[in-house]
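S.K.: Take a look at the following structure, please.
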Amino acid sequence: MDIREVFGANLQFFREKAGLSQAALADRMGVDRAHISAMERGQQNVTIITLWHVAEALDVKPAALLDDDREKD
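Each residue of the sequence shown is one higher than the one before, counting from 1 in the UniProt record's numbering.
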């Protein structure tokens, strides 16, 4: 799986686990909801800074967003 798809799937998983909508996460990060949507669909190349901002907003470690072997409980 492409790393953008891995990141997107993990982003969606942790966002939903936190009980946040795309709009709510976008508000926390100061970005547009469409940006969150594009990241979740694997259509956005994210920077290290964006990775860090997502991790901070979701209260997870940045590495968790790149883990392609993580059990999605």
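Even for Gly, the Cβ is constructed at its ideal location relative to N, Cα and C. It should be emphasised that the depicted structure is a prediction, and the values quoted were computed from it without experimental measurement.
Per DSSP, what kind of secondary structure is Thr50 in: helix, strand or coil?
M.R.: Stepping through the sequence shown from its first residue, residue 50 is reached at position 50. In this structure, Thr50 counts as helix in the three-state DSSP scheme.
S.K.: Counting only runs that start and end within the UniProt domain "HTH cro/C1-type" (11 to 65), where is the alpha helix (DSSP H) found for 4 or more residues in a row?
M.R.: The UniProt domain "HTH cro/C1-type" (11 to 65) contains these whole alpha helix (DSSP H) runs: 22 to 29, 33 to 40, 48 to 58.
S.K.: Shortest alpha-carbon distance to Ala57 belongs to which of Asp67, Ile3, Arg4, Ala23?
M.R.: Position 57 of the sequence shown, counting from 1, holds the residue named residue 57. Comparing Cα positions, the closest option is Ala23.
S.K.: Write down the C-beta distance between Gly30 and Asp2 rounded to the nearest angstrom, noting that I regard them as a contact closer than 8 Å.
M.R.: As a position in the sequence shown, residue 30 is number 30, starting the count at 1. As a position in the sequence shown, residue 2 is number 2, starting the count at 1. Between Asp2 and Gly30 the Cβ distance is about 26 Å, and since that is not below 8 Å, they are no contact.
S.K.: Compare the C-beta of Thr47 with all C-beta atoms of chain C and state if any pair is closer than 8 Å.
M.R.: Given the protein chain composition of this structure (a single chain), no chain C is represented.
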